[in-house]
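Working notes, structure below.
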Amino acid sequence: MFAALAKNVFGSANDRYVRSLGKYVNAINGFEPTIAALTDEELRAQTDLFRRRLADGTKLDDLLPEAFATVREAAKRTLGQRHYDVQLIGGIALHRGEIAEMKTGEGKTLVATLAVYLNALEGKGVHVVTVNDYLARRDADWMSQVYRFLGLSTGVIIPNLSDEERRAAYAADITYGTNNEFGFDYLRDNMKYARDQMVQRPFNFAIVDEVDSILIDEARTPLIISGPTDDKSELYISVDQVVKTLQAADYEKDEKQRSVVLTEEGTEKAERMLEEAGLIEGRNLYDIANTQVVHHLNQALKANILFKKDIDYIVKDGKVVIIDEFTGRMMDGRRWSDGLHQAVEAKEGAFIEPENQTLASITFQNYFRMYPKLSGMTGTAMTEAPEFFDIYKMNVVSIPTNVPVQRIDDEDEFYKNITDKFGAIAKEIKKRQEMGQPVLVGTVSIEKSEMLSEFLEREGIKHTVLNARFHESEAHIVAQAGRIGAVTIATNMAGRGTDIQLGGNLEFRMQDEFADLVAGTPEYEAQAEKVREQIIAEKAQVLANGGLFVLGTERHESRRIDNQLRGRSGRQGDPGLSRFYLSLDDDLLRIFGPETMFARLMNKNLADGEAIVSPWISKAIETAQKKVEARNYDIRKQVVEFDDVMNDQRKVIYEQRADIMDSDSVGEALAEMRSDTVSSVVMAHCPANTYPEQWDVEGLKDSVRAVFGLEPPLEAWMQEEAVEQDLIIERLGTMTEELLAQKTAEIAPDEWANIEKSILIQTLDHHWKEHLATLDALRQVIHLRSYAQKKPIDEYKQEAFLLFERLLIAIREEVTRTLLRLNVQFQAPEPPPLPDFITQHIDPLSGDDDSADIDPSTGAILSSLPYAAVPRGEMPAGSEVAEGEAPVISRNAPCPCGSGKKYKHCHGQLG
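The working numbering applies: residue 86 is where the sequence shown begins, and numbers increase by one.
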């Protein structure tokens with residue numbers, strides 16, 4: 086009560102913070118007359134002046150008022166747009182590394198130019214991150230007019246660029262691109278063999294557009310680069326044979342959770358059989374060295390006990406084909422992950438396809454936290470403010486609108502079932518369309534979009550269905566969703582980044598209706614004037630009809646997604662209306678709602694087709710949403726906690742790789758590795774505080790022969806009175822250095838340095854790849870430690886640390902072995918080419934992989950296949966592809982038929 090009263094009197098903390106920025110806005114406005122009086126050349130010279138002042142020690146914050154005034158004037162002269170005062174506040178928040186929450190239509194793209202220009206003056210590079218390729222290209226083309234005018238360069242990172250093109254884009258003052266492209270370039274750079282092959286510069290400052298989508302929604306799944314693994318067919322078959330001998334008493338099955346675990350007796354039995362088969366080290370199955378075997382054992386258990394032939398899968402032409410549990414259809418080309426599909430193939434005696442192995446991975450959380458300064462902008466961020474601060478240390482600042490919001494947000498309407506709800510929605514939409522009011526319908530899934538579309542077709546309602554697949558064509562449709570009587574059905578993420586302008590959008594209408602006209606010509610301008618007049622007339626009519634009506638067909642798990650949909654209506658002071666329609670069949674109410682309350686209130690008291698509107702029930706829905714948001718946050722936080730462990734190790738390995746590439750010679754480091762390896766080999770067979778007669782001399786001879794390729798006179802050394810471990814270590818060390826000196830005697834020092842660097846990097850990469858596979862397997866089983874009252878994340882940290890220590894020992898030993906056994910040639914080897922690999926990021930909302938370039942049915946890498954390799958009918962007339970040619974094209978490139986779709990969604994669909 087007292088908190089609410091104080092808020093009413095003094096304003097919220099956000100209001101007070103925004104007011105405190107008023108002095109900067111006044112300072113910027115104070116420079117406007119002086120800046121406006123400058124000629125174009127003088128305005129351009131401001132950039133050089135600012136850079137000289139920075140070089141003399143002036144801080145960016147001190148330059149802010151004058152620099153922002155300069156950008157505002159440049160935008161007026163190039164784009165014909167002048168930043169509002171509230172946009173200046175947004176720019177200040179971005180410069181300070183905060184998240185600017187600005188409503189739809191408030192001009193976030195223009196706001197970014199303020200902070201981008203100021204921070205680009207340092208010459209260290211600024212990244213502007215967007216949610217899709219279309220927006221990256223559009224924003225880069227659009228805003229580069231301002232940057233070019235002020236003497237700054239702009240680059241854009243999109244798929245299918247060469248390394249040279251990427252390097253040039255990153256070298257620009259400002260670089261636009263998608264989160265996926267930036268992240269994959271970072272991972273690919275750390276797989277290169279020379280510094281000059283890398284494309285990115287050190288991180289400096291990034292502004293993330295639609296920050297809630299990228300840093301929260303898409304951050305549920307990591308970026309992964311994977312490649313084919315070595316053939317493990319024998320291991321799958323051997324483990325499968327062990328599992329087939331187990332009895333029902335050896336395991337516990339939980340069909341509800343789809344899990345199966347070994348009992349104590351079953352573990353004992355499996356341990357002994359695996360030991361006899363030579364598949365595990367030692368006698369303990371759960372020793373850290375056997376992590377991968379445990380993973381394969383668990384997958385074989387699932388395959389044999391939980392997965393049923395002709396129910397979960399069928400065997401067709403010697404291949405295991407998954408059956409869709411919902412439709413009963415065969416899913417050709419789809420494969421279970423984490424070795425499960427291979428386990429089923431071993432079970433059925435089918436040919437075992439090699440699985441893909443992770444070569445590099447990173448979460449968005451850990452990628453973006455590498456930027457020294459990070460900021461973002463979106464229309465909806467306040468509901469996730471605690472997560473933004475906990476994970477990214479970014480505060481959310483809610484920026485007031487330039488014109489007060491006129492939209493009316495109605496209370497939710499509740500129906501007994503989905504049929505009643507969709508029937509009511511269809512009637513409401515028909516009524517609104519007949520009166521000429523545009524309607525934007527939001528659904529939570531593609532399936533629900535198609536279901537509603539059928540209802541509308543039965544009512545004879547003309548409409549368009551979008552499903553967040555083809556961003557550029559969607560932008561054209563969404564931009565026209567404000568025309569008279571337009572009905573547009575869109576899933577949650579559809580069309581983000583594009584404003585819905587009442588009456589229509591001039592630019593998009595000209596592109597769609599007069600594509601043959603060239604902008605700037607008299608013919609174009611004449612048509613544009615006619616279309617402009619039509620838009621003005623349409624807008625007046627739509628405003629008279631109440632503006633855009635946003636209709637939500639279901640509440641999303643997150644309030645933020647609902648707010649995104651609502652925010653589509655009422656831009657820049659336009660009138661508007663929003664309303665959500667709910668039913669007991671909705672997932673949110675069915676799974677998380679207080680079932681007894683709804684059942685009692687609605688089933689008994691509502692007639693068919695009747696609705697109820699209650700603020701009390703709306704509040705209950707909001708409470709359910711908060712619970713789901715908290716649960717989802719915990720899930721994302723757990724992903725980060727586990728990846729943080731790997732991230733610490735990733736930083737060490739990547740920093741080591743960079744140091745190796747930057748060094749003229751790694752001879753000293755390798756000498757230290759050889760010394761450490763000699764010590765560890767000797768101490769393993771001659772432990773400290775033991776007598777010489779207790780030493781394993783034969784084992785030491787074998788190890789020295791295997792690792793160093795030497796045959797030292799160990800028996801003679803053992804006869805000496807003063808023999809001790811240090812003496813043996815010293816003599817072995819001398820022998821290894823002499824052997825190496827003989828091998829390198831006739832090789833130029835520069836050539837030998839290159840050979841050493843190449844071997845060290847390749848060995849490090851090989852063992853890091855194996856280490857990642859082991860960590861993946863460890864993470865799959867570490868939750869079992871909770872049965873022993875141990876915290877899985879703590880156990881994971883301990884085990885991962887031990888594995889990392891083993892990794893470093895293995896690298897030292899492998900490098901030493903390779904160099905001492907090297908068949909020296911008198912020519913330094915060329916750096917090996919990067920392996921074929923697949924980039925993968927699963928869309929958390931649709932479940933689709935929007936970045937993988939692989940044919941799942943064959944495992945072939947499609948980024949290098951010709952059109953003919955993935956046929957889908959003939960290319961249409963007018964295609965840019967000449968007859969008889971089979972040009973190379975990526976699956977993610979625009980289709981050359983001109984449809985605006987990606988190739989893999991058009992003529993590159995897998996048949």
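For glycine and all other residues, C-beta sits at the position ideal for the given N, C-alpha and C.
Length of the line joining the Cα atoms of residue i and residue j
| i | j | result |
| --- | --- | --- |
| His856 | Leu863 | 10 Å |
| Ser483 | Val201 | 20 Å |
| Glu158 | Pro150 | 12 Å |
| Glu496 | Glu469 | 23 Å |
| Lys547 | Leu541 | 8 Å |
| Arg653 | Asp749 | 57 Å |
| Pro796 | Thr819 | Inspection of the sequence shows that residue 796 is occupied by Glu rather than by Pro. Going by the C-alpha atoms only, they are around 13 Å apart. |
| Gly175 | Gly655 | 20 Å |
| Leu320 | Glu360 | 13 Å |
| Pro439 | Phe793 | 34 Å |
| Glu191 | Gln285 | 32 Å |
| Arg716 | Ser298 | 18 Å |
| Thr901 | Lys882 | 29 Å |
| Ile574 | Arg651 | 14 Å |
| Trp780 | Pro798 | 15 Å |
| Asp494 | Val635 | 9 Å |
| Ile242 | Asp302 | 22 Å |
| Lys842 | Asp339 | 52 Å |
| Arg420 | Lys404 | 11 Å |
| Ala130 | Ala154 | 14 Å |
| Ser942 | Ala197 | Confidence at Ser942 is low in this model, with a pLDDT of 41, below 50, so the placement of that residue should be treated as unreliable; the coordinate-derived value is given next. About 43 Å. |
Environment of residue i [buried if 16+ CB atoms lie within 10 Å]
| i | result |
| --- | --- |
| His851 | exposed |
| Pro307 | buried |
| Gln925 | buried |
| Ile476 | buried |
| Lys736 | exposed |
| Glu720 | Contrary to the premise, residue 720 reads as Ile rather than Glu in this sequence. The residue is exposed, with fewer than 16 neighbouring Cβ atoms inside 10 Å. |
| Asp224 | buried |
| Arg543 | exposed |
| Val103 | buried |
| Glu266 | buried |
| Asn217 | buried |
| His868 | exposed |
| Ser247 | exposed |
| Glu642 | buried |
Of the residues the options, the one placed nearest residue i, counting alpha carbons only
| i | options | result |
| --- | --- | --- |
| Ile184 | Val766, Leu459, Ile408 and Phe499 | Leu459 |
| Gly570 | Thr528, Met595, Asn630 and Thr606 | Asn630 |
| Asp146 | Gln172, Ile562 and Ala178 | Ala178 |
| Leu56 | Ile531, Glu608 and Gly661 | For residue 56 there is no data in the structure shown, the boundaries of the chain being 86 and 996. |
| Ile447 | Arg891, Ser311, Glu778 and Gln285 | Ser311 |
| Leu537 | Arg517, Asp505 and Gln565 | Asp505 |
| Glu707 | Leu673, Thr143 and Gly182 | Leu673 |
| Ala385 | Ser422, Gln427, Met416 and Val526 | Gln427 |
| Val328 | Asp339, Val346 and Pro313 | Val346 |
| Asp423 | Arg902, Val866 and His561 | Val866 |
| Arg645 | Val563, Ala826, Val529 and Pro489 | Val529 |
| Gly351 | Ala362, Gln332 and Lys533 | Gln332 |
| Ala254 | Asp270, Lys711, Arg137 and Thr239 | Thr239 |
| Asp647 | Glu472, Ser699, Val563 and Ala466 | Ala466 |
| Ile896 | Ala388, Glu757, Phe449 and Val616 | Glu757 |
| Ala611 | Ala291, Leu628, Leu591 and Gln626 | Leu591 |
| Ala435 | Lys401, Phe449, Thr443 and Gln442 | Lys401 |
| Leu237 | Asp218, Gly208 and Thr263 | Gly208 |
| Lys786 | Ala801, Asn774, Ala773 and Tyr776 | Ala801 |
- request: Return the chain-ordered ranges of every alpha helix (DSSP H) run that is complete within the region 577-626 and spans a minimum of 4 residues.
  value: DSSP runs (the alpha helix (DSSP H)) wholly in the region 577-626: 591-598.
query: Should the region 609-629 be called in touch with the region 453-461, which here means at least 3 C-beta pairs below 8 Å?
result: No contact exists between the region 609-629 and the region 453-461.
message: Contact between the region 394-406 and the region 350-360 is defined here as three or more beta-carbon pairs at a separation below 8 Å; is this criterion met?
response: no
task: May I have a chain-ordered list of the beta strand (DSSP E) segments no shorter than 3 residues that lie completely inside the region 225-280?
output: 239-242 and 259-263
message: With a threshold of 8 Å, are at least 3 pairs of Cβ atoms found where one atom belongs to the region 804-815 and the other to the region 756-776?
response: Taking a cut-off of 8 Å for Cβ pairs, the region 804-815 and the region 756-776 touch, as three or more such pairs fall below it.
query: Just checking, does the region 696-706 make contact with the region 732-746 on the three C-beta pairs under 8 Å criterion?
result: Taking a cut-off of 8 Å on C-beta distances, the region 696-706 does not touch the region 732-746, as fewer than three cross pairs fall below it.
query: Which full runs of the alpha helix (DSSP H) of 4+ residues lie inside the region 380-427, going along the chain?
result: none
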